[in-house]
Structure formats: structure tokens, C-alpha cells
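Chains as they are written, first to last, in the working numbering: chain A, 1 to 112; chain B, 1 to 120.
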């Protein structure tokens, strides 16, 4: 059974800082790994999807990496802005299905 | 594109009543939709997989008679919380998988904005 862990649970940084969010998963037989953003009381916004055959994906100031063998993914945010403040969720597909298993998220606060 | 609309966004109901939540894919067809529940400061937990034209598949521990799912068309799935109790108060979120776009395993899931259910 897939289990996803995110560290840290919360992170507070000053504006402009580069930061890394960590995600680990127990079952490496994944189809993909996705990073989402969730604002308070809202649904999820898909940020990046990394296919199992890929090592990283980039979108603007975001870069996500995937190391299946070690069961790890990182989300790198460059030049953080107050608008980046949100909870970031990592989700790994459960082997053989579209089902996603989510971590508890990292709550990011970027201080002006 | 790829918008998922969820309605209502908030609902307050009395204990013992039933509540229906709708999940619509507005600009694409979705053979499969997923229903999640999220308790405060917890991760999203998959409740069930909704398949158009067939019975939903429920995750272990989720009562199918309490959480009724209907996926009658390629753009609409509904979740009905029957005989709601205060412990059913939670944030319910649906997501949809786009039909026919390459491998669905490598297409991002699109999420609705969620429904905050409060049972008094």
C-alpha cells in the first residue's frame, strides 16, 4: 500500500528565498507523481506532473524532481513570493491505477 | 480548459438529513471521477472511484450505503451523504480524469473547489 510523507509540515521563509519541499513514497511502482497547491478552503490546483519515466519537470519558478529508486520527490521554488503562500501537496499514483495517495502537505508562508 | 465544477461550495444540514454534492466536468468528458474527503490538517483520503455507467468502487472502510455515488453521464457525478451525522462534517473534493487524452495515467487530475459540509 502506497504511503506518502511530506517534510516539513510547515515552512516560513522571507520573500525572495529559494526553497525545497520534500516528498517521499513507499511504493516505487508509480505511474506518476503530482504536486498540487491548495489555498485555504479551496480545491487543488495541479502544479506539475512527473511521469515515472521522467526525472524532473519545470514550470516557471517551479521545478519538481523524481527519484523512483529512492522513493523521493522534491519541489523547488525559486525566488519565492508572498503569493506562493499555500499548502503544497504531493501525490503518488497507487500502482496499477489512477488512484492518487496524498501526503499531508507542507504549509508554506512567504513573508513580505 | 479542463475545469471541474463542484456544487455546492458550502452546505449546513441537520443531523439525519441527506445532502447531495455535484461534480461536473465543464469542458471535457470524464469516464472516471474520484471522491475525496479531507479532515482538518489531514491529507486527502480517497473515498471512492466513480465510473460512468457502472457502480462506484469504494475504498476500504467507506460505507457504500451511506455515501451514494451516481455517475450517470460523462460530465456529472454526484455524491449523496445519507442520514448525515456530525462526524460526517468534512471537506469533500472531487476530481476528474479526462477521457481519451493519451494515457490517462499521465494526464493530471483536475479537481473541483470542494464542498464544506457541516452537520449540526
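Heads up, the beta-carbon is just placed ideally off N, CA and C, and yes, glycines get one too.
Whole-angstrom Cβ separation of residue i and residue j, contact assumed at under 8 angstroms?
i, j, result
"residue 25/B", "residue 113/B", "That belief does not hold up - the Cβ atoms of residue 25/B and residue 113/B are roughly 13 angstroms apart, past 8 angstroms."
Pull the bridge partners of residue i from the DSSP assignment, please.
i, result
"residue 73/A", "23/A and 66/A"
"residue 87/A", "38/A and 107/A"
"residue 183/B", "A question about residue 183/B goes unanswered here, because the residues of chain B that appear run from 1 up to 120."
"residue 2/A", "In the DSSP output, where bridge partners are listed per residue, residue 2/A has none listed."
"residue 57/A", "64/A"
"residue 34/B", "49/B and 95/B"
"residue 45/A", "37/A"
"residue 32/A", "51/A"
"residue 6/B", "23/B"
"residue 28/B", "Paired residues: none, contrary to the question."
Figure out for me which residue from the options has the closest Cα to the Cα of residue i.
i, options, result
"residue 13/B", "110/B, 82/B and 97/B", "82/B"
"residue 5/B", "78/A, 45/A and 112/A", "45/A"
"residue 92/A", "19/A, 77/A and 105/A", "105/A"
"residue 61/A", "38/A, 37/A and 80/A", "80/A"
"residue 23/A", "89/A, 83/A, 56/A and 16/A", "89/A"
"residue 56/A", "73/A, 85/A and 41/A", "73/A"
"residue 87/B", "120/B, 115/B, 55/B and 78/B", "120/B"
"residue 3/B", "76/B, 117/B, 80/B and 40/B", "76/B"
"residue 37/A", "85/A, 63/A and 71/A", "85/A"
"residue 46/B", "31/B, 40/B, 62/B and 55/B", "62/B"
"residue 101/A", "30/A, 15/A and 110/A", "30/A"
"residue 7/A", "110/A, 25/A and 83/A", "25/A"
"residue 55/B", "65/B, 69/B and 36/B", "69/B"
"residue 54/A", "21/A, 111/A, 77/A and 32/A", "32/A"
Thinking C-beta only, is residue j closer than 9 angstroms to residue i?
i, j, result
"residue 108/A", "residue 19/A", "yes"
"residue 39/A", "residue 87/A", "yes"
"residue 85/B", "residue 96/B", "no"
"residue 38/B", "residue 92/B", "yes"
"residue 52/B", "residue 73/B", "yes"
"residue 50/B", "residue 34/B", "yes"
"residue 118/B", "residue 89/B", "yes"
"residue 2/A", "residue 94/A", "yes"
"residue 48/B", "residue 98/B", "no"
"residue 80/B", "residue 18/B", "yes"
"residue 28/A", "residue 65/A", "no"
Residue ranges of each beta strand (DSSP E) within the segment 57-99 of chain B, 3 or longer
67-73, 76-81 and 90-97
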